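Each step along the sequence shown adds one to the number in this note's numbering, with nothing skipped, and position 69 is 235.
Below you'll find the structure, written out as structure tokens, and then a few comments.
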Amino acid sequence: MYFLSIIYEDTKLVVVNKPGGLLSVPGKGEENQDSVETRIKERYPACTKIPTVHRLDMDTSGLLVLALTKRAKRELSEQFQNREVSKRYVALIEGELADQGGSISLPLRMDLDNRPYSVVDPEQGRPAHTEWRNLGVENGCTRVEFVLHTGRTHQLRLHALYGLGYPIVGDRLYGNGTEPGQMKLHAAYLRFMHPKTKEILEFESEPSF
Numbered sequence: 167m168y169f170l171s172i173i174y175e176d177t178k179l180v181v182v183n184k185p186g187g188l189l190s191v192p193g194k195g196e197e198n199q200d201s202v203e204t205r206i207k208e209r210y211p212a213c214t215k216i217p218t219v220h221r222l223d224m225d226t227s228g229l230l231v232l233a234l235t236k237r238a239k240r241e242l243s244e245q246f247q248n249r250e251v252s253k254r255y256v257a258l259i260e261g262e263l264a265d266q267g268g269s270i271s272l273p274l275r276m277d278l279d280n281r282p283y284s285v286v287d288p289e290q291g292r293p294a295h296t297e298w299r300n301l302g303v304e305n306g307c308t309r310v311e312f313v314l315h316t317g318r319t320h321q322l323r324l325h326a327l328y329g330l331g332y333p334i335v336g337d338r339l340y341g342n343g344t345e346p347g348q349m350k351l352h353a354a355y356l357r358f359m360h361p362k363t364k365e366i367l368e369f370e371s372e373p374s375f
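In structure tokens, the structure reads:
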């Protein structure tokens, strides 16, 4: 059983620190029902039917905000759609980078013949933009900070592999990972406007790696 910690809660929303290995939303089959969404609905029985506003891949850890009311869900969803939410990630990648930072623009699309993979496709892919910063080399790997400017499926995993030349440590799809929840990718920073008070809320979470 993965432990889900509550970072912040009020009558409109809740912010959690999702562990790697736990689904954001339930999947198909009884064995895939445990998720952040199902746990939030158990903890807050009166919350809106679908509290999920955004997702993290199962093996990605870090900050998620969920809505407890329909209005909060609508307003938070609009912030994500309008790219008004700030997100930063920290990752370990399998290689030593000399460059100190930069940007990556590689169009991505789902691989319809090989789900759940995504692929780089300059012709049919959707625009995907990531900024990155070198936080230091350690034990043959590089700690990298990523800032997402788009939200494509597996964007950081593919931009690390094809934009920086190395997969994220523990990536079971695009790298050498073998165990669920061991990928070194963490949603470390989240900033958005409270849907009721209009206060700017900022949250930070240190990765476990």
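We put the beta carbon where it would ideally sit given N, CA and C, even for glycine.
Here the structure is a predicted model, which is why all the values come from computation and not from measurement.
Following the DSSP letters along the chain, one finds L242 inside the alpha helix (DSSP H) bounded by residues 236–247. Annotated three-state conformation of R281 is coil, per DSSP. In the DSSP assignment, R209 falls within the unbroken alpha helix (DSSP H) covering 202–209. Spanning the alpha carbons of S201 and L232 requires a straight line of approximately 13 Å. With fewer than 16 other CB atoms across the displayed protein chains lying within 10 angstroms of its CB, A212 is exposed. Checking the DSSP bridge columns, you'll see L189 partnered with S201. Each residue's CA atom was taken as its position, placing L263 and E368 some 30 Å apart. Between the C-alpha atoms of M167 and H360 there is a straight-line separation of about 31 Å. A direct Cα-Cα distance of roughly 31 Å separates L188 from G268. DSSP places L179 outside any alpha helix (DSSP H); the residue lies instead in the beta strand (DSSP E), whose first and last residues are 179–184. If you look at R254, you'll find it in the beta strand (DSSP E) that goes 252–259. Between Y328 and the set V303, D223, A238, L274, the nearest pair of CA atoms involves L274. Secondary structure of Y328 (DSSP, three-state): helix. Straight through space, the alpha carbons of E365 and P346 are spaced by roughly 36 Å. For R357, the three-state secondary structure derived from DSSP is strand.
In the three-state scheme derived from DSSP, where H, G and I count as helix and E and B as strand, R318 is classed as coil. Three or more Cβ pairs closer than 8 Å define a contact, and the region 320–338 meets that threshold against the region 248–263. Beyond the five residues adjoining it in sequence on each side, G343 comes within less than 7 Å, by CB distance, of G336, D337, M349 in the same chain, given in chain order.
With 16 or more other Cβ atoms from the protein chains shown falling within 10 Å of its own Cβ, F358 counts as buried. DSSP places R292 within a strand segment (E or B) once states are collapsed to three.
Between E208 and P282, the alpha-carbon positions lie close to 28 Å from each other.
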